[in-house]
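Notes to accompany the following structure.
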Amino acid sequence: MTDASMTPTDAPKKKSSLMAQDARTRKRNAAETRFRMYGMAAIAVGLLFLVFLFTSILRSGLPAFTQTVVDIEFTLTQEQFDTAESKMLKTGEYQKIFVNALSEQLDARGLDVAFDAKAIQRIVGKPGGTIRSFFLENPDRIGTPVSFELAASSRVDGYFNGRMTRDTLVDSRFLMATDLDLVDALEEAGIIGGAFNWNFITGTDSGVDNPGGAGLGASVIGSFFMMLVVLFLSLPIGVAASIYLEEFAPKNRWTDLIEVNISNLAAVPSIVFGILGLAVFIQFAGFPQSAPLVGGLVLTLMTLPTIIISTRASLAAVPPSIRDAALGVGASKMQSVFHHVLPLAMPGILTGTIIGLAQALGETAPLLLIGMVGFVAREYPETFVGGFTDANSAMPAQIYTWASRADPGFYEKAWGGIIILLLFLITMNAIAVVLRRRFERRW
Amino acid sequence: MNDMRIVERKVDTNEVKIAAKDVQVFYGDNHAIKDVSVEIEDKTVTAFIGPSGCGKSTFLRCINRMNDTIDVCRVKGDILIDGEDIYDAKVDPVQLRAKVGMVFQKPNPFPKSIYDNVAYGPKIHGLAKNKADLDDIVENALRRGAIWDEVKDRLHAPGTGLSGGQQQRLCIARAVATEPEVLLMDEPCSALDPIATAQVEELIDELRKSYSVVIVTHSMQQAARVSQKTAFFHLGNLVEYGETSNIFTNPVDPRTESYITGRIG
Ligand SMILES: Nc1ncnc2c1ncn2[C@@H]1O[C@H](COP(=O)(O)OP(=O)(O)OP(=O)(O)O)[C@@H](O)[C@H]1O
Ligand SMILES: [Mg+2]
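Chains A and B supply the protein sequences, listed in that same order.
Taking my numbering, I'd label the letters of the first sequence as residues 1 to 443.
Taking my numbering, I'd label the letters of the second sequence as residues 444 to 708.
Below is the structure:
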């Protein structure tokens with residue numbers, strides 16, 4: 001700020017016109033214009049990154065929400081059922097019935113492609129088992145037309161999603177170039193196509209060779225139960241601690257020490273909390289491994305400093321004259337805090353809490369250490385208590401697990417998981433904004 | 444200062460309400476009040492005057508123990524109200540403050556409705572038996588604060604939305620609503636226009652019938668108009684204390700004289 005330096009003027013002041021800018025004013029205005037440009041440039045760069053981030057997330061993640069399915073309707077006669085059930089390899093027999101039905105339908109539409117049973121296997125796997133168990137469970141459907149929706153293999157899915165083209169396809173036991181002719185024919189016949197993948201949202205994690213069946217649902221539940229633990233522990237503890245420190249505690253060396261340590265705690269890497277949780281909650285206290293309860297406890301430790309710091313800041317921002325006013329009419333310290341100071345600090349406390357929760361929701365490293373890795377999210381908890389104690393994963397850990405699996409189908413699922421995670425975070429932030437507005441309007 | 448009129452008024456000898464003996468106040472190392480002994484009478488308006496920083500507010504805040512809220516502040520000596528030492532370990536400052544109301548230098552209404560501002564004190568002290576009772580208390584207090592006419596149509600509007608002068612009168616109403624025995628006012632009129640000031644002064648005179656009022660003021664005219672007793676503080680010392688008319692007509696101490704004639708301060 002060079003223009004702040006003073007130049008002593010001994011010479012008598014010249015008469016100046018307000019209509020003409022003097023050199024100093026011009027310089028100051030130019031500096032201001034320049035600064036505005038820098039600011040706008042900075043914002044533009046930030047927005048650019050944001051747009052880039054979102055487009056790349058959406059482009060890579062949206063395909064995870066569709067799944068290529070083979071949609072086929074056929075009738076199983078009682079006779080076919082009986083012969084199949086009398087065979088040694090029963091599912092193999094159903095597989096044959098399925099392949100026959102498929103080729104009949106292709107023929108009926110006048111599409112002429114040569115294929116063998118192996119090719120079908122590469123495209124939809126072996127649905128014989130699925131078909132058999134359906135008819136065993138619903139014997140009354142034998143003899144009536146039944147439509148099956150069968151998930152296509154990850155390679156075919158990739159072909160539909162544009163993850164791979166005819167040119168990039170390398171022949172392997174998973175998919176051959178010639179299979180794509182069959183796929184195209186099936187698409188023309190309306191038998192194969194994309195469908196919204198509800199299973200991705202509601203399902204559980206699948207085996208490493210089945211990205212099509214992988215779902216985030218169970219780990220969303222895991223995250224939900226963890227957030228319950230975090231909210232119900234860290235909010236009361238954090239707010240109570242901050243009120244005590246800010247309003248009641250004497251200012252001495254001990255409280256200074258506590259204060260410094262809370263700030264330090266906020267800067268401790270999350271993996272440290274993870275190993276602490278492993279040692280204390282699982283190995284020492286004997287809580288179940290991979291349980292959202294333990295995850296929630298670890299994340300509570302992480303969230304507490306965030307909540308305490310933001311709560312103290314918003315308490316300190318309440319003007320002291322309000323406290324004086326309350327004390328002046330004979331309110332006790334506690335009344336002055338709970339009737340006057342806390343309501344005024346509420347918007348800040350809520351914002352801090354939700355930011356803390358959002359951080360906790362996205363935290364991955366400590367969860368890996370206490371065993372909440374993705375592959376444990378194989379089933380939903382059966383009871384409410386089980387939600388806390390059954391082995392489960394959480395959204396970010398599930399995403400991490402998918403991203404580290406070999407099949408490119410899982411890579412896409414990881415991006416899809418990130419979209420869901422971001423949706424949750426955006427929702428939480430929106431709630432924070434709404435709550436803040438609501439509380440502010442009361443005054 | 445030429446138009447300063449000192450109203451001759453009958454000064455009755457009242458009983459002593461507040462008695463301070465050898466009061467010392469320290470802010471850390473800063474010795475803000477030095478050996479102040481004073482007897483403040485009941486049913487009297489006592490004015491504290493003196494140059495800025497001389498400790499008027501500090502001494503005022505000793506009387507309702509608001510200084511307790513300042514960490515570095517230490518008070519020595521005794522202050523008795525009705526013969527009871529308010530710094531005794533048995534005294535709960537909260538109970539004391541219900542008895543000794545205070546109006547602050549800067550208007551500080553709660554960020555709540557006008558009604559709630561006034562009703563808060565009576566509510567926490569259980570002064571109202573029911574809603575109608577509370578309504579009466581609020582109306583009464585607002586009338587005594589000389590602000591009723593301005594706010595009666597918007598009792599549920601926020602108190603912070605009033606003008607500075609209205610806010611201060613609201614604070615006065617809030618203080619009288621709890622029926623204190625002593626009312627401490629720290630420059631209550633510094634944010635008021637002459638009309639509102641006159642109203643507040645009238646109110647102070649009215650309050651004198653039932654309370655002991657202590658008022659800090661920078662305006663000599665105001666001290667002369669409203670008070671019966673005046674205390675002049677200088678650099679933490681109580682220099683002179685006596686009948687207002689005496690202080691203003693023939694001060695004993697040369698410092699008092701130079702202050703009221705405008706030479707120091
Ligand atoms: N909270 C505080 N902490 C430390 N020192 C203080 C505090 N409040 C007042 N003081 C000191 O005490 C002395 C007296 O202050 P006080 O506020 O009582 O003056 P005053 O007479 O009310 O002045 P004014 O007329 O300007 O309001 C001053 O020297 C001031 O610096
Ligand atoms: Mg003062």
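Ideal Cβ placement from N, Cα and C applies to all residues, glycine included.
Since the model is a prediction, treat every value here as computed from it, not as a measurement.
| Query | Result |
| --- | --- |
| Got a sec, what are the start and stop residues for the alpha helix (DSSP H) GLN664 of chain B sits in? | 663–669 |
| Per DSSP, which one or two residues make a beta bridge with GLU527 of chain B? | B:ILE524 |
| Any C-beta of chain B sitting closer than 9 Å to the C-beta of ALA325 of chain A? | yes |
| With a Cβ-Cβ cutoff of 9 Å, do THR364 of chain A and TYR400 of chain A count as a contact? | yes |
| What are the start and end residues of the beta strand (DSSP E) that includes PHE35 of chain A? | Looking at the DSSP string, PHE35 of chain A is not in any beta strand (DSSP E); the run it does join, the alpha helix (DSSP H), is 23–61. |
| THR512 of chain B versus chain A: which residues are under 9 Å apart at the beta carbon? | PRO320, ARG323, ASP324, LEU327, LYS333 |
| To the nearest angstrom, how far is the alpha carbon of LEU102 of chain A from that of VAL280 of chain A? | 58 Å |
| Taking C-beta to C-beta, are PHE284 of chain A and MET302 of chain A nearer than 9 Å? | no |
| By alpha-carbon positions, which one of B:ILE483, B:MET509, B:SER500, B:THR687 ends up nearest to LEU525 of chain B? | Note on identity: in this sequence residue 525 of chain B is Asp, with Leu being the wrong assignment. Nearest option by C-alpha distance: B:ILE483. |
| In its own chain, which residues sit with a C-beta less than 7 Å from the C-beta of ASP511 of chain B, not counting the 5 before and 5 after it? | PRO536 |
| What residues from chain B crowd round LEU278 of chain A, counting only those whose CB sits closer than 7 Å? | In chain order: nothing, as chain B lies at least about 42 Å away. |
| Can you grab the Cα-Cα spacing for the pair ILE275 of chain A / PRO269 of chain A, in whole Å? | 11 Å |
| Tell me the DSSP bridge mates of ARG517 of chain B? | B:PHE469 |
| Tell me, which residues are paired with LYS672 of chain B by DSSP? | B:THR489, B:GLU686 |
| Applying a beta-carbon distance threshold of less than 7 Å, which residues of chain A neighbour THR621 of chain B? | VAL329, GLY330 |
| Please classify HIS599 of chain B as buried or exposed, where buried requires at least 16 neighbouring CB atoms within 10 angstroms. | exposed |
| What runs of the alpha helix (DSSP H), each 4 residues or longer, lie entirely inside the stretch 54–118 of chain A? | 78–86, 90–108 |
| Please tell me whether GLY374 of chain A and SER172 of chain A are closer than 9 Å, where the distance is taken between their beta carbons. | no |
| Given this structure, state the Cα-to-Cα distance separating MET1 of chain A from GLY352 of chain A, to the nearest angstrom. | A caution first: MET1 of chain A carries a pLDDT of 44, below 50, which makes its placement in the model unreliable, though a value can still be read off. Taking the straight line joining both Cα atoms gives about 36 Å. |
| Alpha helix (DSSP H) containing ALA151 of chain A: first to last residue? | Taken as a continuous stretch (DSSP letters only), ALA151 of chain A belongs to no alpha helix (DSSP H), being part of the beta strand (DSSP E) at 145–151. |
| Would you report the Cα separation of ARG24 of chain A and ARG34 of chain A, rounded to the nearest angstrom? | 15 Å |
| Are any of the Cβ atoms in chain A nearer than 9 Å to that of ARG617 of chain B? | yes |
| Taking the alpha-carbon of PHE65 of chain A as reference, which of A:GLY203, A:ASP209, A:MET428 has the nearest alpha-carbon? | A:GLY203 |
| Could you work out which residues of chain B lie near LEU344 of chain A, taking near to mean beta carbons separated by less than 8 Å? | PRO554 |
| Which two residues bound the contiguous beta strand (DSSP E) that contains LEU626 of chain B? | 625–629 |
| Check each residue's C-beta against every heavy atom of ligand 1 and list, in chain order, those closer than 5 Å. | B:TYR470, B:ALA475, B:SER495, B:GLY496, B:CYS497, B:GLY498, B:LYS499, B:SER500, B:THR501, B:ILE513 |
| Establish whether the CB of HIS568 of chain B and some CB of chain A are separated by less than 9 Å. | yes |
| With a threshold of 8 Å, establish whether the CB of GLU482 of chain B neighbours any heavy atom of ligand 2. | no |
| Following the continuous alpha helix (DSSP H) through GLY193 of chain A, name the residue where it begins and the one where it ends. | No alpha helix (DSSP H) contains GLY193 of chain A, which is instead part of the beta strand (DSSP E) from 192–196. |
| Label GLN67 of chain A either buried or exposed according to how many other C-beta atoms from any shown protein chain fall within 10 Å of its C-beta, with 16 as the threshold for buried. | buried |
| Between B:VAL619, B:GLU622, B:MET628, which has its C-alpha nearest HIS661 of chain B's C-alpha? | B:MET628 |
| Going along chain A, which residues have a C-beta under 9 Å from MET509 of chain B? | ASP324, LEU327, GLY328 |
| Can you name the residues of chain A whose CB is closer than 9 Å to the CB of VAL537 of chain B? | LEU327, GLY330, ALA331, SER332, LYS333, GLN335 |
| Is ASP525 of chain B near ligand 2, with its Cβ less than 8 Å from a heavy atom? | no |
| Helix, strand or coil for HIS599 of chain B? Go by DSSP, reduced to three states. | coil |
| Check whether chain A comes within 9 Å of ILE461 of chain B, counting only Cβ atoms and requiring the distance to be less than that. | no |
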